[in-house]
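384 is the number that this note's numbering gives the last residue of the sequence shown; the numbers go up by one with no jumps.
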Amino acid sequence: MTRTPRSRTKKTALLTGVTGQDGSYLTELLLAKGYEVHGIIRRASTFNTDRIDHLYQDPHEADARLFLHYGDLSDSSGLRMLVERVQPDEVYNLGAQSHVKVSFDQAEYTADITGLGTLRLLEAIRDYRDRTEHHVKYYQASSSEMFGAAKPPQGLHTPFHPRSPYAVAKVYSYWQTINHREAYGLYACNGILFNHESPRRGETFVTRKITRAVGRIKMGLQKKLYLGNLEAKRDWGHARDYVEAMWMMLQQDAPRDYVIATGEAYSVREFAERAFEHVGLRYEDYVEVDPRYFRPAEVDYLLGDMRETSEHLGWTPKTSFEQLVTEMVEHDLELARQEKTLIGAGHQVALKGIGAH
Ligand code: NDP
Ligand code: GDR
Numbered sequence: 028m029t030r031t032p033r034s035r036t037k038k039t040a041l042l043t044g045v046t047g048q049d050g051s052y053l054t055e056l057l058l059a060k061g062y063e064v065h066g067i068i069r070r071a072s073t074f075n076t077d078r079i080d081h082l083y084q085d086p087h088e089a090d091a092r093l094f095l096h097y098g099d100l101s102d103s104s105g106l107r108m109l110v111e112r113v114q115p116d117e118v119y120n121l122g123a124q125s126h127v128k129v130s131f132d133q134a135e136y137t138a139d140i141t142g143l144g145t146l147r148l149l150e151a152i153r154d155y156r157d158r159t160e161h162h163v164k165y166y167q168a169s170s171s172e173m174f175g176a177a178k179p180p181q182g183l184h185t186p187f188h189p190r191s192p193y194a195v196a197k198v199y200s201y202w203q204t205i206n207h208r209e210a211y212g213l214y215a216c217n218g219i220l221f222n223h224e225s226p227r228r229g230e231t232f233v234t235r236k237i238t239r240a241v242g243r244i245k246m247g248l249q250k251k252l253y254l255g256n257l258e259a260k261r262d263w264g265h266a267r268d269y270v271e272a273m274w275m276m277l278q279q280d281a282p283r284d285y286v287i288a289t290g291e292a293y294s295v296r297e298f299a300e301r302a303f304e305h306v307g308l309r310y311e312d313y314v315e316v317d318p319r320y321f322r323p324a325e326v327d328y329l330l331g332d333m334r335e336t337s338e339h340l341g342w343t344p345k346t347s348f349e350q351l352v353t354e355m356v357e358h359d360l361e362l363a364r365q366e367k368t369l370i371g372a373g374h375q376v377a378l379k380g381i382g383a384h
């Protein structure tokens, strides 16, 4: 597909991480707003597009607005080629090795993808902009993990104290984004997002690990849930709300950075308590602590300070903690029912996601 930017009537967005939790919600949002959406996917030996399959359109259809391209944040030349071909108005960099615990096992890989990958993409955009004078707006998926050990509440002026290879890589990306704004005049924003969850959350993150287990325990498919540190506190919101903030950041007159959070924090223990309660069970009867889920360095308490964001963006979260837990548990209860039916019909169902993280 080659065309000149001026021949287009609709806005075009390019997303890394389109197959992830946030990528799927953001794609829905952008398609609903009339965008043409281009997503970068990794080649895998199995299908990895589950979260966006419901949005798939045959690219041969005249009205198709979602296009997928193979690429990887480790591959500068591929990224440059894609920016050139897609000619995006907006780029959302959501791709990352995003698991904090895994980043301790794969520190260099995480630095490469979650850190250097950002630089590769920013440089591709800068080069394209300089040659074509086509302005591109850039969103960087920054993280509350960058605050790490800093005392809560954490806001735009809180000094970073990252506590994992993942968080260190995100701090690098944060500053590369700001440097491209200040040095080259790129419209580039950091969204420092606190934890956001949903029924599409990866199954090795703690909230989804809990709600998957609640569903399975309720349906008699699992007996115990092994977790790590139950006392860690997080400011948990809903991914569907948070992708709206990402889009809003790129619709402002001038670029800046924002903190996105709910302003309420709960412990892992409290999350588990509510989730089990929702199906009439007591978490104490099922949850056991397994030290293998502890991290070499923990982030104890994240609570977002949204004051500046409220002033500049006008975004507020729509989903309460209770609603988030309920939606996730209900979803995973239904999934467990389907698994039970399949097992009853003699199918083998692998209980994935209860594994190592
Ligand atoms: P997910 O882990 O669900 O998705 C990560 C995405 O990155 C997937 O599409 C994955 O592809 C892709 N990816 C992984 N490695 C590469 C690579 N080498 N090249 C290109 N793409 C790659 O993350 P979320 O959707 O939850 O988060 C989106 C972004 O926001 C991430 O950058 C994350 O670090 C950040 N973030 C998330 C928060 C949260 O609470 N969810 C909070 C703050 C920041 P594949 O499907 O093939 O694995
Ligand atoms: P986090 O999310 O590290 O905050 O990173 P995760 O859900 O992995 O952990 C949250 C807290 O729960 C504790 N915990 C466990 N975590 C996991 N994964 N598995 C367990 O069994 C378990 N038991 C307790 C953890 O120690 C931690 O304190 C997420 C990711 O999406 C990042 O990409 C993102 O940047 C941050 O949120 C904001």
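Beta carbons are placed, not taken as given, at the ideal position from N, Cα and C, and that holds for glycine. Note that the structure is a prediction, hence the values are computed from the model and not measured.
Start and end of the alpha helix (DSSP H) containing residue i?
{"i": "Thr-145", "result": "144-159"}
{"i": "Val-106", "result": "Per the sequence presented here, residue 106 reads as Leu, with Val not at that position. It spans 103-113 - the alpha helix (DSSP H) in which Leu-106 sits, taken as one unbroken run."}
{"i": "Gly-50", "result": "48-59"}
{"i": "Ser-347", "result": "No alpha helix (DSSP H) contains Ser-347, which DSSP labels as neither H nor E."}
{"i": "Thr-336", "result": "334-340"}
{"i": "Thr-73", "result": "Where Thr-73 is concerned, there is no enclosing alpha helix (DSSP H), given that its DSSP letter is neither H nor E."}
{"i": "Glu-135", "result": "134-137"}
Over what stretch of residues does the beta strand (DSSP E) that includes residue i continue unbroken?
{"i": "Phe-94", "result": "93-97"}
{"i": "Gln-124", "result": "It is not in any beta strand (DSSP E) - Gln-124 carries neither H nor E in the DSSP assignment."}
{"i": "Gly-242", "result": "Unbroken run through Gly-242 is the alpha helix (DSSP H), 233-245; no beta strand (DSSP E)."}
{"i": "Ile-67", "result": "63-68"}
{"i": "Leu-422", "result": "Since the first residue of the chain shown is 28 and the last is 384, residue 422 is not available in this structure."}
{"i": "Leu-431", "result": "This structure does not reach residue 431, given that the chain is present from 28 up to 384, and the question cannot be answered."}
{"i": "Ala-168", "result": "164-170"}
{"i": "Glu-315", "result": "314-316"}
{"i": "Val-286", "result": "285-287"}
How would you call residue i, buried or exposed, if buried means at least 16 neighbouring beta carbons within 10 angstroms?
{"i": "Pro-318", "result": "exposed"}
{"i": "Arg-267", "result": "buried"}
{"i": "Lys-345", "result": "exposed"}
{"i": "Thr-29", "result": "With a pLDDT of 47 at Thr-29, under the threshold of 50, the modelled position of this residue cannot be trusted; read the value that follows with caution. Looking at its Cβ environment, which holds fewer than 16 other Cβ atoms inside 10 Å, Thr-29 is exposed."}
{"i": "Asp-359", "result": "buried"}
{"i": "Glu-19", "result": "Outside the modelled stretch of the chain, which goes from 28 to 384, sits residue 19, for which no answer is possible."}
{"i": "Arg-239", "result": "buried"}
{"i": "Tyr-97", "result": "exposed"}
{"i": "Ala-292", "result": "buried"}
{"i": "Gly-371", "result": "exposed"}
{"i": "Glu-117", "result": "buried"}
{"i": "Arg-190", "result": "buried"}
{"i": "Asp-262", "result": "buried"}
{"i": "Val-376", "result": "exposed"}
{"i": "Phe-321", "result": "exposed"}
{"i": "Lys-197", "result": "buried"}
{"i": "Tyr-165", "result": "buried"}
{"i": "Ala-210", "result": "exposed"}
{"i": "Trp-202", "result": "exposed"}
{"i": "Lys-245", "result": "buried"}
{"i": "Ala-168", "result": "buried"}
{"i": "Glu-349", "result": "exposed"}
{"i": "Asp-49", "result": "buried"}
{"i": "Asp-77", "result": "exposed"}
{"i": "Leu-57", "result": "buried"}
{"i": "Tyr-83", "result": "exposed"}
{"i": "Arg-73", "result": "Contrary to the premise, residue 73 reads as Thr rather than Arg in this sequence. By the neighbour-count rule (16 or more Cβ atoms within 10 Å), Thr-73 is not buried but exposed."}
{"i": "Ser-130", "result": "buried"}
{"i": "Val-316", "result": "exposed"}
{"i": "Asp-284", "result": "buried"}
Helix, strand or coil for residue i? Go by DSSP, reduced to three states.
{"i": "Arg-322", "result": "coil"}
{"i": "Gly-373", "result": "coil"}
{"i": "Glu-117", "result": "strand"}
{"i": "Gly-380", "result": "Low confidence applies here, because Gly-380 scores a pLDDT of 49, under 50, leaving its location unreliable and the question unanswered by this model."}
{"i": "Val-270", "result": "helix"}
{"i": "His-81", "result": "helix"}
{"i": "Arg-35", "result": "coil"}
{"i": "His-188", "result": "coil"}
{"i": "Arg-261", "result": "strand"}
{"i": "Gln-181", "result": "strand"}
{"i": "Ser-294", "result": "strand"}
(Q) Just to confirm the assignment: which complete beta strand (DSSP E) runs, minimum length 3, are found wholly within the segment 196-231? (A) 214-220
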